[in-house]
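Have a look at the structure below before the remarks.
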Amino acid sequence: INENLPLTIRIRDKNQCLIKFNCSKLLKIKHLCEIACMLFNENGEFYQLFDGDSIIDDTLVIGEDIDTNSNEFEFEFLCTTNMKCQIEYKLQIIDLPCSLKTLTRDIFNSAFQKFQINDEQNSYGLYTMDDDSQIDLDNPLEDYDTLLVEENNSKIFRFKLK
Numbered sequence: 055i056n057e058n059l060p061l062t063i064r065i066r067d068k069n070q071c072l073i074k075f076n077c078s079k080l081l082k083i084k085h086l087c088e089i090a091c092m093l094f095n096e097n098g099e100f101y102q103l104f105d106g107d108s109i110i111d112d113t114l115v116i117g118e119d120i121d122t123n124s125n126e127f128e129f130e131f132l133c134t135t136n137m138k139c140q141i142e143y144k145l146q147i148i149d150l151p152c153s154l155k156t157l158t159r160d161i162f163n164s165a166f167q168k169f170q171i172n173d174e175q176n177s178y179g180l181y182t183m184d185d186d187s188q189i190d191l192d193n194p195l196e197d198y199d200t201l202l203v204e205e206n207n208s209k210i211f212r213f214k215l216k
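If you're matching positions, the sequence shown starts at 55 in this note's numbering and goes up one per residue.
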């Protein structure tokens with residue numbers, strides 16, 4: 055491993071979960087972020103790697119452009135959007151990053167996966183929290199902008215899965 059994959063990479067998410075693996079010196083930050091998205095089961099559109107408080111340029115190559123004297127690197131995997139959907143299902147709540155262009159079907163599918171529901175998707179729907187109206191899954195979130203709430207510098211859509 056030391057000759058073929060000489061670099062040790064540690065990536066920590068917001069929940070302090072840590073993934074650790076070895077890689078080549080020629081790996082681009084963009085690819086490293088894609089790996090983190092797969093391992094943390096997150097949408098790459100809304101995440102980037104950080105070194106301290108700074109976003110790391112995703113065009114950089116780890117072994118060439120970043121501290122070439124080190125063989126160990128640690129990054130933070132953080133969400134870069136302040137907009138999210140809070141989805142409730144059986145007294146559990148998850149937050150999914152989103153944008154106004156995000157399709158409600160993508161939110162529904164992500165929630166289904168995050169809650170690890172094994173039933174058929176067509177027996178479930180996405181509903182508003184306030185009046186229990188069913189959401190059309192073929193629309194972008196911007197069609198529901200009246201449901202958007204601002205809270206602690208975040209913009210939040212609240213739905214339930216049932």
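Ideal Cβ placement from N, Cα and C applies to all residues, glycine included.
Check whether residue i and residue j have beta carbons under 8 Å apart
{"i": "Phe169", "j": "Gln175", "result": "no"}
{"i": "Met183", "j": "Lys214", "result": "yes"}
{"i": "Thr158", "j": "Leu191", "result": "yes"}
{"i": "Lys82", "j": "Leu114", "result": "yes"}
{"i": "Ser153", "j": "Thr135", "result": "yes"}
{"i": "Leu61", "j": "Ile116", "result": "yes"}
DSSP state of residue i mapped onto helix, strand, coil
{"i": "Thr135", "result": "coil"}
{"i": "Lys82", "result": "strand"}
{"i": "Tyr178", "result": "coil"}
{"i": "Thr62", "result": "strand"}
{"i": "Asn76", "result": "strand"}
{"i": "Lys168", "result": "helix"}
{"i": "Asp149", "result": "strand"}
{"i": "Ile210", "result": "strand"}
{"i": "Asp197", "result": "helix"}
Backbone CA spacing between residue i and residue j [nearest angstrom]
{"i": "Tyr181", "j": "Phe100", "result": "24 Å"}
{"i": "Asp197", "j": "Asp121", "result": "46 Å"}
{"i": "Asn69", "j": "Leu195", "result": "26 Å"}
{"i": "Ile89", "j": "Ile110", "result": "15 Å"}
{"i": "Leu59", "j": "Phe75", "result": "9 Å"}
{"i": "Phe131", "j": "Lys216", "result": "31 Å"}
{"i": "Phe162", "j": "Tyr178", "result": "9 Å"}
{"i": "Ser187", "j": "Lys209", "result": "20 Å"}
task: Examine the Cβ distances between the region 139-146 and the region 103-117 and report whether three or more of them are shorter than 8 Å.
output: By the Cβ rule, the region 139-146 does not count as touching the region 103-117, because fewer than three pairs are nearer than 8 Å.
message: Assess contact between the region 124-131 and the region 58-67, defined as three or more Cβ pairs (one per stretch) separated by less than 8 Å. Is contact present?
response: Enough Cβ pairs lie closer than 8 Å, so yes.
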